[in-house]
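Here the first sequence stands for residues 21 to 537, where the numbers follow my numbering. Where is the CB? At the ideal position from N, CA and C, for every residue including glycine.
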Amino acid sequence: MSGRSTFYVTTPIYYVNDVPHIGHAYATLACDVMARFKRLDGYDVHFLTGTDEHGQKVEKAAEAAGLSPQAFTDKVSQSFRDLIGVMNFSPDGFIRTTEKRHYAACQALWEKLVAAGAIYLGKYAGWYSVRDEAYYADSETEVGTDGKRRAGPVGNDVEWVEEPSYFFKLSAWGDRLLEFYDKHPRFIAPDSRRNEVISFVKGGLQDLSVSRTSFSWGIPVPGDPKHIMYVWLDALTNYITECGYPDESNPLWRFWPADLHIIGKDIIRFHCVFWPAFLMAAGVPPPRRVFASGWWTTEGQKISKSLGNAIDPVAATAEFGLDPFRYFLLREVPFGNDGDFQRRALIGRLNADLANSYGNLCQRVLSIVAKNCDGKVPPKGTLVAADAALLDRAKGLLAVVRAEFDEQAFHRALTSIWEVIADANRYVDAQAPWALAKTDPVRRDTVLWVLAETIRRITLLVQPFMPDSTAKILDQLAVPADARAFAAFDRELEAGTVLPKPQGVFPRFAEPAAAAS
RNA sequence: GGGCCCGUAGUUCAGUGGUUAGAACGAGCCGCUCAUAACGGUUAUGUCGCAGGUUCGAAUCCUGCCGGGCCUACCA
Numbered sequence: 021m022s023g024r025s026t027f028y029v030t031t032p033i034y035y036v037n038d039v040p041h042i043g044h045a046y047a048t049l050a051c052d053v054m055a056r057f058k059r060l061d062g063y064d065v066h067f068l069t070g071t072d073e074h075g076q077k078v079e080k081a082a083e084a085a086g087l088s089p090q091a092f093t094d095k096v097s098q099s100f101r102d103l104i105g106v107m108n109f110s111p112d113g114f115i116r117t118t119e120k121r122h123y124a125a126c127q128a129l130w131e132k133l134v135a136a137g138a139i140y141l142g143k144y145a146g147w148y149s150v151r152d153e154a155y156y157a158d159s160e161t162e163v164g165t166d167g168k169r170r171a172g173p174v175g176n177d178v179e180w181v182e183e184p185s186y187f188f189k190l191s192a193w194g195d196r197l198l199e200f201y202d203k204h205p206r207f208i209a210p211d212s213r214r215n216e217v218i219s220f221v222k223g224g225l226q227d228l229s230v231s232r233t234s235f236s237w238g239i240p241v242p243g244d245p246k247h248i249m250y251v252w253l254d255a256l257t258n259y260i261t262e263c264g265y266p267d268e269s270n271p272l273w274r275f276w277p278a279d280l281h282i283i284g285k286d287i288i289r290f291h292c293v294f295w296p297a298f299l300m301a302a303g304v305p306p307p308r309r310v311f312a313s314g315w316w317t318t319e320g321q322k323i324s325k326s327l328g329n330a331i332d333p334v335a336a337t338a339e340f341g342l343d344p345f346r347y348f349l350l351r352e353v354p355f356g357n358d359g360d361f362q363r364r365a366l367i368g369r370l371n372a373d374l375a376n377s378y379g380n381l382c383q384r385v386l387s388i389v390a391k392n393c394d395g396k397v398p399p400k401g402t403l404v405a406a407d408a409a410l411l412d413r414a415k416g417l418l419a420v421v422r423a424e425f426d427e428q429a430f431h432r433a434l435t436s437i438w439e440v441i442a443d444a445n446r447y448v449d450a451q452a453p454w455a456l457a458k459t460d461p462v463r464r465d466t467v468l469w470v471l472a473e474t475i476r477r478i479t480l481l482v483q484p485f486m487p488d489s490t491a492k493i494l495d496q497l498a499v500p501a502d503a504r505a506f507a508a509f510d511r512e513l514e515a516g517t518v519l520p521k522p523q524g525v526f527p528r529f530a531e532p533a534a535a536a537s
């Protein structure tokens with residue numbers, strides 16, 4: 021009822037077959053930064069994450085662990101909840117697909133699709149490998165020299181199996197999807213992914229099997245409980261479950277359609293083809309934008325369980341600090357590209373960008389203020405051209421950063437901010453306030469005011485990326501809690517405000533010394 | 001097989017026809033001393049994957065080749 025614009029951002033819901041790693045942390049971090057930015061910018065924000073807990077794989081993993089599926093998912097889901105604290109994420113909701121509300125939403129959506137004539141009962145047929153307990157596409161199988169068909173040249177024997185299955189008439193949606201992509205050019209990002217999806221849809225769509233009878237850990241099809249809903253129909257629905265679907269009078273329904281689904285590039289088809297088709301068929305508006313993030317490698321190598329080279333967010337934040345880790349992930353790699361996690365690169369960013377440029381800027385300015393200005397914000401005197409130039413660049417940053425956030429171009433937002441940090445460091449050297457202290461205290465005060473004010477603006481904009489560190493810097497500038505949102509971007513520092521004693525916020529990282537020689 | 005993308009300084013990348021190809025980090029030198037030995041200035045480094053072609057002119061367009069990646073639907 022606030023009348024503010026809403027902003028709904030979601031992470032993928034994470035499959036509980038895996039413990040959290042950098043990929044999960046990364047996608048959620050991007051959402052978190054997005055959510056924090058929009059909150060600061062005055063939006064009514066809802067940020068959702070959660071876990072995807074159904075399917076045959078979970079059923080088996082639970083069995084292997086000697087637990088019931090529910091007990092197993094309770095346990096693994098908790099490890100994703102724990103990541104929220106570790107990474108200082110700020111979700112407004114956490115959904116589990118095993119919740120009652122989600123069953124209700126999925127079944128309601130199903131019934132809507134049936135009523136719309138989008139679902140029919142047919143037969144799912146394919147090459148089935150008993151050993152693998154999996155179906156293979158025709159193209160994935162080969163007939164060997166002995167005349168037997170196998171899953172690939174060295175795979176297990178497959179046989180032709182048919183089981184009853186409900187189908188979604190995806191084949192009817194090709195043209196409408198293409199029209200939708202055409203009318204909503206921002207729907208899929210980055211562009212390379214958009215091209216991929218469009219060419220996939222242009223290649224023709226087949227009806228999609230949306231139920232299984234081969235396992236039971238899932239949501240039963242209404243009226244035909246032998247059938248369990250296809251896990252993706254189940255999983256995708258979480259985004260509207262959260263908003264109360266099918267109850268459009270739910271207060272959270274105001275957030276639908278979602279403004280942004282951030283996902284991994286592996287699940288783009290589900291989000292960009294199936295999901296809008298399901299929704300349009302059910303008469304629900306599709307989401308506004310899907311952004312596919314890339315993958316991380318480690319020191320040039322693919323992350324794999326056998327190499328044991330996965331980046332553990334808990335270990336990384338413990339060693340380098342939470343905010344530097346958050347900063348690195350979003351600064352190092354253009355969002356949407358694949359990235360390589362290099363220890364050396366992280367330390368380089370930490371020392372060069374955080375300790376030397378930003379941290380040291382704050383420290384040198386606040387120290388001079390503490391020593392020369394009685395620990396208070398100095399008076400702003402007459403501004404000269406150099407002062408106005410720096411202040412104008414800092415002022416202009418909000419619009420620049422806002423535009424980059426609209427594209428999820430986090431690295432460019434940070435680059436723009438850091439250009440002004442470099443300007444500010446140059447300005448310190450050029451104005452030499454330590455020299456002015458002896459010759460012209462009035463001018464010195466103005467210079468220091470300009471610098472403190474510039475740091476204030478910069479720091480407001482860095483808040484989404486590094487919430488804890490920026491809070492400390494804003495504390496040192498005595499910026500009140502109610503003046504930290506962008507609505508207060510132009511509320512300048514007031515002369516005479518008492519400042520606390522400055523303290524370094526981004527210490528340099530030194531490699532633990534090797535054994536003395 | 002078909003489709004799409006990429007290959008530019010030690011490193012990460014920007015640059016899609018037009019002056020001596022740019023930035024950051026790293027390296028050398030100089031300056032400063034407020035500051036977390038931080039900051040500023042400055043210098044150097046490239047056959048722009050290879051070979052042809054189009055053009056007055058190509059990193060930028062075309063062709064071929066070499067190298068790398070992604071997509072080619074129902075495991076998430």
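Query raised in the report: Is the segment 98-112 touching the segment 191-206 in the sense that three or more CB pairs, one from each, lie closer than 8 Å?
Result: Here the segment 191-206 makes no contact with the segment 98-112; the two share fewer than three CB pairs at distances below 8 Å.
Query raised in the report: Just how far apart, CA to CA, sit T435 and R351?
Result: Approximately 8 Å between the Cα atoms of the pair.
Query - Distance, W295 Cα to L253 Cα - result: Between L253 and W295, the alpha-carbon positions lie close to 8 Å from each other.
Query raised in the report: Do you know offhand how far V518's Cα is from L299's?
Result: Going from the Cα of V518 to the Cα of L299 covers about 56 Å.
Requested in this report: Alpha carbon to alpha carbon, how far is T490 from Q483? Give it in angstroms, no decimals.
Outcome: Answer to the nearest angstrom: the Cα atoms are 6 Å apart.
Query raised in the report: Nearest-angstrom Cα distance between P40 and D211?
Result: The alpha-carbon atoms of P40 and D211 are separated by roughly 28 Å.
Requested in this report: Classify A135 as helix, strand or coil using the three-state DSSP reduction.
Outcome: DSSP places A135 in helix when its eight states are reduced to three.
Query raised in the report: Would the segment 453-467 and the segment 367-381 be scored as touching if the rule is three or more Cβ pairs under 8 Å?
Result: Contact fails: fewer than three Cβ-Cβ distances are below 8 Å.
Query - Pick from G113, A145 and H44 that is closest to D286, judged by C-alpha positions - result: Of G113, A145 and H44, the residue nearest in Cα terms is H44.
Query raised in the report: Under three-state DSSP, which class holds N37?
Result: The answer is coil: DSSP assigns N37 none of H, G, I, E or B.
Query - Bridge-paired residues (DSSP) for V518 - result: DSSP, once it has assigned bridges, lists K396 as partnering V518.
Query raised in the report: Is it a yes or a no for the segment 413-420 touching the segment 341-351, going by three-plus beta-carbon pairs under 8 Å?
Result: Result no; under three Cβ-Cβ pairs closer than 8 Å.
Query raised in the report: Where do the N-terminal and C-terminal ends of the beta strand (DSSP E) with I239 fall, by residue?
Result: Counting along the chain, I239 sits inside no beta strand (DSSP E), nor does DSSP assign it H or E at all.
Requested in this report: Could you check if N258 is buried or exposed, using at least 16 other CB atoms within 10 Å of its CB as the buried criterion?
Outcome: Sixteen is the threshold: when 16 or more other Cβ atoms of the shown chains lie within 10 Å of the Cβ of N258, as they do, the residue is buried.
Query raised in the report: Secondary structure at N371, three-state DSSP: helix, strand or coil?
Result: It is helical.
Query - Where H431 sits in the DSSP three-state scheme - result: DSSP places H431 in helix when its eight states are reduced to three.
Query raised in the report: Just to confirm, are R116 and T69 a CB contact at a threshold of 8 Å?
Result: No, they are not a contact pair.
Query raised in the report: Can you tell me whether Q451 is buried or exposed, with buried defined as 16 or more other CB within 10 angstroms of its CB?
Result: Looking at its Cβ environment, which holds 16 or more other Cβ atoms inside 10 Å, Q451 is buried.
Query raised in the report: When DSSP labels each residue in this structure, what does P487 get in the three-state scheme?
Result: Here P487 sits in helix by DSSP.
Report task. Grab the span of the alpha helix (DSSP H) containing L49 for me, first residue to last. Result -> Element bounds for L49: I42 to L60.
Query raised in the report: Any idea which residues DSSP pairs R116 with across the strands?
Result: Per DSSP, T71.
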